[in-house]
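Here the sequence shown is numbered in the numbering used here, starting from 1250 and rising by one per residue. Report on the structure given below.
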Amino acid sequence: MHIGLLDLDFHLAGCRSLKEKRRRLARLRGKFGRVTNLAVCESAFQDSHRRARWSVIAVAGDARVVERSLTEVERWVSQSVDATLVDVDREVIAT
1250 MHIGLLDLDF
1260 HLAGCRSLKE
1270 KRRRLARLRG
1280 KFGRVTNLAV
1290 CESAFQDSHR
1300 RARWSVIAVA
1310 GDARVVERSL
1320 TEVERWVSQS
1330 VDATLVDVDR
1340 EVIAT
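Encoded structure:
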């Protein structure tokens, strides 16, 4: 079993409220929240309307599947989310 963690840190320029923050990042949960081998959550900065950290967990029997899944998420996020991606951390472990 392989488990991958992808932490995505965002800066939301011009964001004025937590409601706006949720709206601007909602596509991330909508896109990947229903994928069977992924779990998505806002993992830090919940009370800040200009910063966000989202974590994506991928689980699969093959490390290549985990890497592909996380790469797809990172690529989509960098092109589709209404926020600036300022930091990305990735880790894959075997159990």
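Using N, Cα and C, we set each Cβ at its ideal position, and we do this for glycine too. Note that this is a predicted model, so its numbers are computed, not measured.
- In this chain, residue 1294 is not harboured by any alpha helix (DSSP H), its DSSP state being neither H nor E.
- A straight line joining the alpha-carbon of residue 1317 with that of residue 1308 spans about 11 Å.
- Residue 1306 holds the alpha-carbon nearest to the alpha-carbon of residue 1283 among 1327, 1332, 1306, 1324.
- Rounded to whole angstroms, the separation of the alpha carbons of residue 1269 and residue 1298 is 8 Å.
- By the neighbour-count criterion, in which 16 or more other beta carbons inside 10 Å mark a residue as buried, residue 1301 falls on the buried side.
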